[in-house]
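For the sequence shown, the residue numbers in our numbering are 425 to 818.
Yeah, the Cβ is synthetic: ideal placement off N, Cα and C, and Gly gets one too.
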Amino acid sequence: MKNIEETQIPYNKPHVTGNEKSYVLEAINHQYIAGGYGQFSKKCMSFFNDHYGFENCLLTHSCSGALEIAATLCDLSEADEVIIPSFAYVTTAASFDKTNAKLVFADSQINHPNICPESIRNLITKKTKVLVIVHYAGVACLMDEIMRIVEEFQLILIEDCAHAVDAYYKGKALGSFGHFSTFSFHETKNIHCGEGGLLVVNDQSKLRNALQIWQEGTNKSDFESGLKSKYEWVSTGSSYQPSELSTAFLYGQLLELDHIQNQRKELWSYYYEQLSTLASESDLFQLPGHETGHNAHIFYLKCLNIGNRNALIQHMKTNKIMAIFHYLPLHISPYQRGKSNDIPKLINTTNWSDQIIRLPLYIDLTRDLQDRIISVIHDFFQNQGAALQISKSV
Ligand SMILES: Cc1ncc(COP(=O)(O)O)c(C=O)c1O
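So this is what it looks like as structure tokens:
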């Protein structure tokens, strides 16, 4: 094993392209830094529409904010059911919990943390109105099967694309399948502005509603376009818009999108290549599945069990490398257990949650640092392989 340097390798370092400062300054000098339709917000929204063929884009302060608007647009009541992956972020589900509809949790695929189409089918009832999917790690869900289900049962599809900027399924951008889709620009994401998000409204019939919810429950857009002489409270809504300071920063990132994505893909592929021999020689861990493509958002390994995964995290920590796991299954969260005694068994979800480990992946990760991480992983599996094999067979 190579010498261990003293510096801690973090899980993430928010990348700054160098464009951001001048755009933020330009926004300040322009003396318009609120949300809505400032020059940078407009440029960012056009960028997404033009690049990915989205119908309508509304920038938000977070993906969670965009999910809340999407949930509101579904017009849900207590009589409705929403199918959601249990392997998801808290706000993927919490946004829909606010509607009072019943949340029904689906399992992951056996080969990928993404939602399993068969599990969705098994959960559909007459009350199912909405299907929420998450493209985990920027890897597309099985969209052919999912779109068949959506059409067969006339469901509203929400794509939670928090991880999935610039990711595709068979050449079609993720975020363009759902009636509504949501993106995150949190600092951990490929493209970021510290905190930020995007709501994509592909269902044109809901655009007016979406605008009202986005604009604090008012008809401000009619007022701004001269259709009304004043704007009033016309629907439910809240303050969801990011300021121009955030969108100026985001625009700086968007202009470097190709460079960012190429760099991340290079890092991702290097991990994959360097760990593939070790993975094929032992069955102690698996490399990430990416059959439907990926955008190099996350590089994860799937360990044999929770004990091995936690031991690997600890081994990396001892070697000054921060690796993390995520998510915890939502269906057995304290909040859900407090709401219902009827807890389903979602084996794949639980396994993914127990076994996944996410490795550092950020643009400033040098080849030397990446080699150090790979070497520490080799050391763990080679030196502890025998012990792990024994614990596996017990
Ligand atoms: C799948 C998913 N949805 C939603 C979110 C929330 O994103 P934000 O922090 O932009 O609200 C996250 C956060 O990482 C996420 O992983």
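Counted within 10 angstroms of its Cβ, other Cβ atoms place residue i as buried (16 or more) or exposed
i      : result
Gly731 : exposed
Lys596 : exposed
Asn765 : exposed
Thr484 : buried
Gly460 : buried
Leu651 : exposed
Gln779 : buried
Arg733 : buried
Pro509 : buried
Gln665 : buried
Thr523 : buried
Gln639 : buried
Thr790 : exposed
Leu449 : exposed
Ile452 : exposed
Glu505 : buried
Glu429 : With a pLDDT of 47 at Glu429, under the threshold of 50, the modelled position of this residue cannot be trusted; read the value that follows with caution. Glu429 is exposed by the Cβ-count criterion.
Nearest-angstrom beta carbon gap, residue j and residue i [assumed within contact, 8 angstroms]
i      : j      : result
Leu725 : Leu711 : 7 angstroms
Glu668 : Phe464 : 5 angstroms
Val658 : Gln628 : About 19 angstroms separates the two Cβ atoms, so there is no contact after all.
Ile787 : Gln687 : 5 angstroms
Ser532 : Asn772 : 4 angstroms
Thr515 : Thr660 : 18 angstroms between Cβ atoms; not a contact.
Tyr751 : Tyr513 : 6 angstroms
Ser819 : Gly621 : Any answer about residue 819 is impossible in this case: the structure gives the chain only from 425 up to 818.
Leu708 : Phe805 : 6 angstroms
Where the beta strand (DSSP E) containing residue i begins and where it ends
i      : result
Tyr724 : Phe723 to Cys727
Phe607 : Phe604 to Ser608
Ala735 : Here Ala735 belongs to no beta strand (DSSP E); instead the alpha helix (DSSP H) covers Ile730 to Thr742.
Phe529 : Lys526 to Ala530
Gly621 : Gly621 to Val625
Lys594 : From DSSP, Lys594 is part of no beta strand (DSSP E); its letter is neither H nor E.
Cys481 : Cys481 to Thr484
Thr671 : Unbroken run through Thr671 is the alpha helix (DSSP H), Glu668 to Leu678; no beta strand (DSSP E).
Leu581 : Ile580 to Asp584
Glu505 : Glu505 to Pro509
Lys553 : Thr552 to Val558
Residue interval of the alpha helix (DSSP H) (run including residue i)
i      : result
Ile684 : Leu681 to Glu705
Asp778 : Ile771 to Gln779
Thr516 : Val514 to Asp521
Asp568 : Met567 to Glu576
Asp646 : Lys644 to Glu648
Ile544 : Pro541 to Leu547
Pro758 : Pro758 to Lys763
Ile637 : Leu631 to Trp638
Val448 : Glu444 to His454
Leu497 : Cys487 to Leu497
Lys437 : First-last for Lys437: undefined, no H or E at that position.
Lys473 : Note that residue 473 corresponds to Asn in the displayed sequence, not to Lys. Unbroken alpha helix (DSSP H) run through Asn473: Gln463 to Tyr476.
8 angstroms Cβ cutoff, residue i in contact with chain C
i      : result
Asp499 : No chain C appears in this structure, which consists of one protein chain only.
Taking three-plus beta-carbon pairs below 8 angstroms as touching, is the segment 540 to 550 in contact with the segment 466 to 475?
The segment 540 to 550 makes no contact with the segment 466 to 475, as fewer than three CB pairs between them are under 8 angstroms.
For the 8 angstroms Cβ check, are there 3 or more pairs between the segment 664 to 677 and the segment 435 to 446?
Under the 8 angstroms Cβ criterion, the segment 664 to 677 counts as touching the segment 435 to 446, having at least three qualifying pairs.
Counting Cβ pairs, one atom from each stretch, are 3 or more of them under 8 angstroms apart for the segment 536 to 545 and the segment 490 to 499?
The segment 536 to 545 vs the segment 490 to 499: no contact.
Can you confirm whether the segment 743 to 762 touches the segment 598 to 607 when touching is taken to mean that 3 or more C-beta pairs between the two stretches lie within less than 8 angstroms?
No, the segment 598 to 607 is not in contact with the segment 743 to 762.
Touching by the beta-carbon criterion (3+ pairs, under 8 angstroms), the segment 451 to 460 and the segment 577 to 585:
Proximity of the segment 451 to 460 to the segment 577 to 585 falls short of the contact definition, fewer than three beta-carbon pairs being nearer than 8 angstroms.
Are the segment 738 to 752 and the segment 799 to 807 touching, with three or more C-beta to C-beta distances below 8 angstroms?
A contact exists between the segment 738 to 752 and the segment 799 to 807.
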